[in-house]
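Trainee:
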Ligand code: TRP
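Residue numbers (our numbering): 269 to 615.
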């Protein structure tokens with residue numbers, strides 16, 4: 269079987285720099301290092317519908333946006349298979365069988381799902397499908413025999429639940445499914461990039477994002493109005509770097525070379541942080557540096573995105589071919605699952 273990657277995103281909006289440092293950048297690196305036998309990248313539209321049932325147009329419109337973001341970041345359809353979840357009905361059938369291996373109490377205990385339920389104010393009106401989306405995600409992962417799931421920290425509970433399902437399935441029906449591992453970003457700042465307002469994580473619904481497709485002027489405006497240490501009122505005051513989103517973004521994005529180019533009076537981020545902590549370093553100077561760093565990183569992505577935007581028919585063709593190729597693999601897994609479960613009556 270070999271080493272297989274599966275990961276993906278819900279098409280509910282354009283992708284932002286939280287997605288980028290949390291997973292996209294790593295995927296592209298893994299793709300280009302060539303250490304995996306297969307890489308599947310899924311646009312999880314069926315999952316997006318679990319809390320957007322009344323808004324299928326939004327999900328439909330964002331399929332192309334997410335695909336453009338992927339290609340812009342450097343995912344290469346010759347090396348990675350990009351697919352659309354709902355176009356592979358085998359995934360839905362797997363989900364239905366896996367549902368029997370999960371109790372309602374277990375589904376309700378998933379911490380990511382719990383916090384999403386709160387954020388969406390579902391209260392007593394949780395869609396069954398929403399509660400079950402981690403089970404569907406287990407189907408996504410196992411259908412392709414994924415060994416590795418590069419994702420952000422919020423996906424940890426999904427992987428835990430998936431591994432439980434795999435374990436239970438294999439115990440009940442015989443060794444059939446592969447147990448996956450999550451691959452988290454090594455840099456802790458990338459695990460959960462906070463929003464521009466310093467709150468929770470960057471998220472479209474909170475309106476605190478820098479998008480991969482943002483224009484340079486918008487990026488600059490957003491960075492210059494970022495939240496910093498609220499007690500760092502005057503330049504001379506000592507400042508905090510720890511819970512300061514400007515420094516967290518620098519942790520996620522900046523390299524020593526950026527100092528040579530944009531801020532040569534410091535050698536590295538540690539020196540910049542030390543100065544800020546001691547006092548005497550203003551927020552505007554740090555933000556201008558952050559702006560230069562992020563502009564440099566996003567410029568080639570935006571340029572490539574604009575090129576792909578002129579060829580959307582070609583992008584849909586990439587999705588169609590990727591989906592067809594992935595479907596064959598999911599069919600084989602479903603076949604194995606049905607045999608293991610003894611529901612292959614006509615074989
Ligand atoms: N839950 C992921 C997100 O919100 C998307 C996703 C769906 C996924 N299926 C997956 C991620 C399988 C990793 C593996 O973006």
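Just so it is clear, CB atoms sit at the ideal spot from N, CA and C, and this is done for glycine as well.
DSSP three-state label for residue 284, please.
Mentor: Strand, per DSSP.
Trainee: Verify whether the separation of the beta carbon atoms of residue 271 and residue 416 is less than 8 Å.
Mentor: Closer than 8 Å, so yes.
Trainee: Please state whether the Cβ-Cβ distance between residue 602 and residue 362 is less than 8 Å.
Mentor: In this structure, residue 362 lies closer than 8 Å to residue 602 by Cβ.
Trainee: Give the range of the alpha helix (DSSP H) segment to which residue 590 is assigned.
Mentor: Here the alpha helix (DSSP H) through residue 590 covers 580–608.
Trainee: Is residue 366 near residue 433, with beta carbons less than 8 Å apart?
Mentor: Yes, the pair counts as a contact, with Cβ atoms nearer than the cut-off.
Trainee: Residue 501: buried (16+ other C-beta within 10 angstroms of its C-beta) or exposed?
Mentor: So residue 501 ends up on the exposed side.
Trainee: DSSP three-state label for residue 277, please.
Mentor: In this structure, residue 277 counts as strand in the three-state DSSP scheme.
Trainee: Flag residue 601 as yes when its Cβ comes closer than 7 Å to any non-hydrogen atom of ligand 1, and as no otherwise.
Mentor: Checking the Cβ of residue 601 against ligand 1 gives no.
Trainee: Say yes only if the C-beta of residue 275 is nearer than 7 Å to one or more non-hydrogen atoms of ligand 1, and no if none qualify.
Mentor: Residue 275 Cβ: within cutoff of ligand 1.
Trainee: By DSSP's criteria, residue 449 is part of a beta bridge. Which residues make up the other side?
Mentor: Per DSSP, 416.
Trainee: Can you tell me whether residue 310 sits near ligand 1, meaning its C-beta is under 7 Å from at least one heavy atom of the ligand?
Mentor: Checking the Cβ of residue 310 against ligand 1 gives yes.
Trainee: Here's the rule: buried if 16 or more other CB atoms are within 10 angstroms of the residue's CB, otherwise exposed. What is residue 305?
Mentor: So residue 305 ends up on the exposed side.
Trainee: Count the other CB atoms within 10 Å of the CB of residue 541; is the residue buried (16 or more) or exposed (fewer)?
Mentor: Looking at its Cβ environment, which holds 16 or more other Cβ atoms inside 10 Å, residue 541 is buried.
Trainee: CB-CB under 7 Å to residue 332, same chain, minus the five flanking residues each way: which ones, in chain order?
Mentor: If we look at residue 332 and ignore the five residues flanking it on each side, its Cβ neighbours are 580, 583.
Trainee: Regarding residue 598 and ligand 1, is the C-beta to nearest heavy atom distance less than 7 Å?
Mentor: No, ligand 1 has no heavy atom inside 7 Å of this Cβ.
Trainee: Helix, strand or coil for residue 349? Go by DSSP, reduced to three states.
Mentor: Note: residue 349 maps to strand in three-state DSSP.
Trainee: Would the beta-carbon of residue 278 be found less than 7 Å away from any heavy atom of ligand 1?
Mentor: Correct: residue 278 has its Cβ closer than 7 Å to ligand 1.
Trainee: Applying the 10 Å Cβ sphere with the 16-neighbour rule, what's the burial state of residue 526?
Mentor: By the neighbour-count rule (16 or more Cβ atoms within 10 Å), residue 526 is buried.
Trainee: Looking at the structure shown, is residue 503 part of a helix, part of a strand, or coil, going by DSSP?
Mentor: It is coil, neither helix nor strand.
Trainee: Excluding sequence positions up to five away, which residues of its chain have a Cβ less than 6 Å from the Cβ of residue 551?
Mentor: For residue 551, where only same-chain residues beyond five positions count, the Cβ hits under 6 Å are 496.
Trainee: Do residue 274 and residue 412 have their beta-carbon atoms positioned less than 8 Å apart in this structure?
Mentor: The answer is yes: Cβ separation under 8 Å.
Trainee: Assuming residue 553 and residue 492 make a contact with CB atoms under 8 Å, what is their CB distance in whole Å?
Mentor: With a Cβ gap of about 11 Å, residue 553 and residue 492 do not count as contacting.
Trainee: For residue 401, report the span of its alpha helix (DSSP H) as first-last.
Mentor: First-last of the alpha helix (DSSP H) with residue 401: 401–411.
Trainee: Taking Cβ positions, are residue 462 and residue 513 nearer each other than 8 Å?
Mentor: Result yes, Cβ atoms of residue 462 and residue 513 sit closer than 8 Å.
Trainee: Is the closest heavy atom of ligand 1 to the C-beta of residue 423 under 7 Å?
Mentor: Within the cutoff, so yes.
Trainee: For residue 377, count neighbouring C-beta atoms within 10 Å of its own C-beta (all shown protein chains included) and say buried if the count is 16 or more, exposed if not.
Mentor: Exposed.
Trainee: How far does the beta strand (DSSP E) with residue 308 in it extend, from its first residue to its last?
Mentor: Looking at the DSSP string, the run of the beta strand (DSSP E) that includes residue 308 is 306–311.
Trainee: Whose CA, out of 539, 477, 294, 407, lies closest to the CA of residue 446?
Mentor: When only C-alpha atoms are compared, the closest one is 407.
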